[in-house]
Amino acid sequence: MRDTISAPISGALPDAVPGTVVTGGASHSLRHESAAMHVAGAAAYIDDMPEPKGLLHVVPGLSTRAHARIVSMDLDAVRAAPGVVRVLTAADIPGHNQVSPVGRNDEPLLATDLVSYYGQPIFAVVAETRLQARHAARLARIEYEDLPAILDIAQARAAGGAMVWRPLTMQRGDAPSGLAASPRRVAGRITMGGQEHFYLEGQAAMAQPGEEGEMRVWSSTQHPTETQHMVAHVLDRPSNLVTTEIRRMGGGFGGKETQANTPACLAALAAELTGRAAKIRLDRDDDMMMTGKRHDFVVDYDVGFDDDGRIRAVDMVLAARCGWSADLSGPVTDRALFHADNAYYYPDVRLRSEPLKTNTQSNTAYRGFGGPQGIVAAERVIEEIAFATGLDPLDVRLRNVYGTGTRDLTPYHMTVEDSISADIMAKLADDCAYRARRAALRAANEGSPHIRRGIALTPVKFGISFTATHYNQAGALVHVYTDGSVQVNHGGTEMGQGLHTKMVQIAMREFGLPADRVRITATTTGKVPNTSATAASSGADLNGMAVLDAVRRIKDRLVEFAAGHWGVDAAQVRFLPDGVHVGATVVPFPDLTRAAYFARVSMSSSGFYKTPKISWNAETGRGRPFFYFAYGAACAEVAIDLLTGETRIEQVDILHDAGQSLNPAIDIGQIEGGFVQGAGWLTTEELVWDASGRLRTHAPSTYKVPACSDRPRRFTVKLLDHAPNREDTIFRSKAVGEPPFVHGVAVLHAISDALASIDGYRTCPRLDAPATPETILRTTERMRGLAAPCPVG
Ligand code: MTE
Ligand code: MOS
204 MRDTISAPIS GALPDAVPGT VVTGGASHSL RHESAAMHVA GAAAYIDDMP
254 EPKGLLHVVP GLSTRAHARI VSMDLDAVRA APGVVRVLTA ADIPGHNQVS
304 PVGRNDEPLL ATDLVSYYGQ PIFAVVAETR LQARHAARLA RIEYEDLPAI
354 LDIAQARAAG GAMVWRPLTM QRGDAPSGLA ASPRRVAGRI TMGGQEHFYL
404 EGQAAMAQPG EEGEMRVWSS TQHPTETQHM VAHVLDRPSN LVTTEIRRMG
454 GGFGGKETQA NTPACLAALA AELTGRAAKI RLDRDDDMMM TGKRHDFVVD
504 YDVGFDDDGR IRAVDMVLAA RCGWSADLSG PVTDRALFHA DNAYYYPDVR
554 LRSEPLKTNT QSNTAYRGFG GPQGIVAAER VIEEIAFATG LDPLDVRLRN
604 VYGTGTRDLT PYHMTVEDSI SADIMAKLAD DCAYRARRAA LRAANEGSPH
654 IRRGIALTPV KFGISFTATH YNQAGALVHV YTDGSVQVNH GGTEMGQGLH
704 TKMVQIAMRE FGLPADRVRI TATTTGKVPN TSATAASSGA DLNGMAVLDA
754 VRRIKDRLVE FAAGHWGVDA AQVRFLPDGV HVGATVVPFP DLTRAAYFAR
804 VSMSSSGFYK TPKISWNAET GRGRPFFYFA YGAACAEVAI DLLTGETRIE
854 QVDILHDAGQ SLNPAIDIGQ IEGGFVQGAG WLTTEELVWD ASGRLRTHAP
904 STYKVPACSD RPRRFTVKLL DHAPNREDTI FRSKAVGEPP FVHGVAVLHA
954 ISDALASIDG YRTCPRLDAP ATPETILRTT ERMRGLAAPC PVG
């Protein structure tokens, strides 16, 4: 892969965060392409774009019932309100009233006679100002006839367990007999909550009508091609009339993989019907009420093991609250199964999913895509074994990790070829003195009535690739202009994760150019068509290879030209930072491109890539869904207050495998951010619906995302050194977007370890997530043998 004519990536940056150690290989930490604009407030998001003349504003009107027939809808007062230009209902849709991203036809853009969750869009107001539209939306008079609403997993099961997708079973060996034959056995249940994406920039889109049915849509979307398709279907026209564009999102985290489609379609519909540009920017409360979130899960597990803590058999049922429509719940619940082994070998195993239908927001992609939920279940199983055997959970982990060449077959019959989990955990445990600190904490807890400390070290093994094989393709379009400046376009979207920076680095390295000569532009379906969502952490893997392909095609032509023009061998043309070496002469890159232009050499190329080796058959539950695995481990130490239930994260050490990192500073940023987001999911972030199905936590006032002050007091992130990807990925790097989210699991287990001190580490606390102060207090009381909370008054 690495060729001799490449120059190193330049532009070193100091450590990402003080106290963070940046290590790892030959790559360099070029600053994020928008870093300066981000901090100066100069980076433009959809709502910052100069507004076209006559721009209108769209605000949706939402259902106030979880499940009901619409008996009548009186929108007269809405239409008559000041500033209102048009009110959109399902009847106004020229094409299909449908935005199901998976072809299920179960997701109308606007409700017709039935509403299926509290917050579902029924109509939309188009007005001269956003405030006028918001006022008018409140004036609707809608008469409902309530139907029985199913709000959570328990209710869904009690009502017969209707599902939004086929359940999946993965099995190898014979779990029931394996369990029966095991010397020891534990069964239990863990519940874990969902999670609001809380992207800083909410859902937003702007649409501008053009000639003869053309529609341009700027959308804060992770999936411009799907947004293009949805707008085309809703407006009933071919894709070639619809162009979607996105320069950057203010965060997506999976929440704009499909959920951006509805706002984009509403803006396009308004533009279509009024002939004017139209913009939608959801109010934060509406955004939280309308859009799907991470799936909450209830997992029932039954594990057989021996006295040494070795797992013999595992049987698990993983049930998810999916919401009212399929959305991505099928692949999300599949991925929960794909990760219900985390890093561990289960000799006999059966894993089953239950993607349950409920009258709530349609849950969707969220960093890890079901994987973290599966991993949380796997780690609970480990914890149960540790308490049952009296072993240190780390030892249980080390005894059960996948081997290489032996004990290496996953529940989906893919062989783990490079299990490095044991090495990573052992190295991290050494580096952060896990064992000594654990012993010291336990001793200190004995003399501390209220403040208890806990520590845990957990691994992650995360499969990289879309499990839907066809998504694993990407395109790019690279232009070299006569002045030697370069423009890079690709199918991936920038949401803060640094994808564009990495793509720029690839062109810089290949052409030997500095950062200011390579310009990345907005992602648009007009330049690179038929793209996949930027998701599954594979943005850099897929688009990076496509960019490299495009660049190499142009380079090949330039090399051929230069060799002929200057009369040297093609092998003697090399692109280096000081210019293009043509034999003994150094030609400045712009001189070469000008000369190539006059010689009529094409300096533009598309590029394409598809991931090799992968396959997956859901019918048989077998295949190689992942090109490779990304690994890592985290050690967290916490202090909890048994009187208030509060938690403080004292120290976190992470060792993570980013392969040969494309950009260590950006990757460390991803690991830090992923960890904090994962810890937030498992500790402070709690979604609460009331009995009517109304989400009561729909603003930061009631929904607690981690703040700066919640970060670990001591926080060290290191990249695994000298760890090039054994597969042929872009410069041997590994995907890094989602796997570090899982490091937050160490915090849940550290809290559990602290709670276990209450009864002298005899029983597994069976701590559910999120471990909010309330959950911690309830668990404390259970551990102390109190049946009910203290009486009040
Ligand atoms: N980092 C930032 N700053 N903002 C985001 O929205 N999304 C995450 C992750 N890191 C996200 C992020 C998710 S869910 C994914 S799938 C990956 O980035 C997507 O980008 P990549 O494939 O380029 O890693
Ligand atoms: Mo990420 S959940 O795959 O957008």
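Numbering (our numbering), first residue to last: 204 to 996. The C-beta atom is built at its ideal place from N, Cα and C for all residues, glycine as well. Since this is a predicted model, take the numbers as computed values, not measurements.
Between the segment 533-549 and the segment 659-672 there are three or more C-beta pairs closer than 8 angstroms, enough to call the two in contact.
Secondary structure of S319 (DSSP, three-state): coil. In this structure, L559 sits near M366, with a CB-CB distance shorter than 7 angstroms. A direct Cα-to-Cα measurement between Q700 and R234 gives close to 12 angstroms. Rounded to whole angstroms, the Cβ separation of V506 and V389 is 6 angstroms, and the two are in contact under 8 angstroms.
In this structure, P791 lies near G782, with their beta-carbon atoms less than 7 angstroms apart. Here the distance from the Cβ of E460 to the nearest heavy atom of ligand 2 is below 6 angstroms.
Where W421 is concerned, the enclosing beta strand (DSSP E) starts and stops at M418 to S422. For the pair of segments examined, the segment 347-360 was found to touch the segment 550-569: the number of CB pairs separated by less than 8 angstroms reaches three.
The set of residues with any CB-heavy atom separation to ligand 1 below 7 angstroms comprises, in chain order, Y402, M452, G454, G455, F456, G457, A568, Y569, R570, G695, M698, G699, Q700, L702, T737, A738, A739, S740, S741, G742, A743, Q873, G876, G877, A938, V939, G940 and E941.
With a 10 Å radius around the Cβ and a threshold of 16 neighbouring Cβ atoms, E415 comes out exposed. Secondary structure note for P386: it is in no beta strand (DSSP E), with a DSSP letter that is neither H nor E. Note that the C-beta distance between Q323 and G286 is not below 7 angstroms. Relative to ligand 2, even the nearest heavy atom lies 6 angstroms or more away from the CB of F830.
The alpha helix (DSSP H) runs lying completely inside the segment 458-496 and spanning 4 residues or more are 464-477 and 487-493, given in chain order. At a Cβ-Cβ threshold of 7 angstroms, P943 and F878 count as neighbours. Judged by beta-carbon spacing, E399 lies within the 7 angstroms limit of M491, meaning their Cβ atoms are closer than that value.
Excluding the 5 residues flanking it on each side, P255 has same chain C-beta neighbours closer than 7 angstroms at Q411 and A480, in chain order. Contiguous alpha helix (DSSP H) elements confined to the segment 311-378 occur at 333-340 and 356-361, taking only those with 4 or more residues. In the structure shown, the three-state DSSP call for M395 is strand. A direct Cα-Cα distance of roughly 12 angstroms separates V681 from G687. In the structure shown, G767 adopts helical secondary structure according to DSSP, grouped into three states.
Here R803 is exposed. Its C-beta has fewer than 16 other C-beta atoms within 10 Å.
By alpha-carbon distance to A710, the top candidate from G729, V750, S741 and G695 is V750.
Around the beta-carbon of K705, 16 or more other beta-carbon atoms lie within 10 Å, marking it buried.
Of the residues S960, I857, V242 and T975, the one whose Cα lies closest to the Cα of V908 is T975. Using a cutoff of 6 angstroms, the CB of F500 does not count as near ligand 2, since none of the ligand's heavy atoms is closer than that.
Burial state of M240 is exposed, judged by a 10 Å Cβ sphere holding fewer than 16 other Cβ atoms. Per DSSP, the beta-bridge partners of M519 are Y504 and L554. Rounded to the nearest angstrom, the Cβ distance from V604 to A625 is 5 angstroms, consistent with a contact under 8 angstroms.
A direct Cα-Cα distance of roughly 25 angstroms separates S232 from R916. Residue state for I852 is assigned as strand, using DSSP reduced to three classes. The beta carbons of E448 and A247 sit no closer together than 7 angstroms.
Counting along the chain, the unbroken alpha helix (DSSP H) around T886 starts and ends at P867 to T886. About 26 angstroms separates the Cβ atoms of E840 and A926, ruling out a contact at the 8 angstroms cut-off.
In terms of CA proximity to I588, R515 leads the group A642, A639, R515 and G608.
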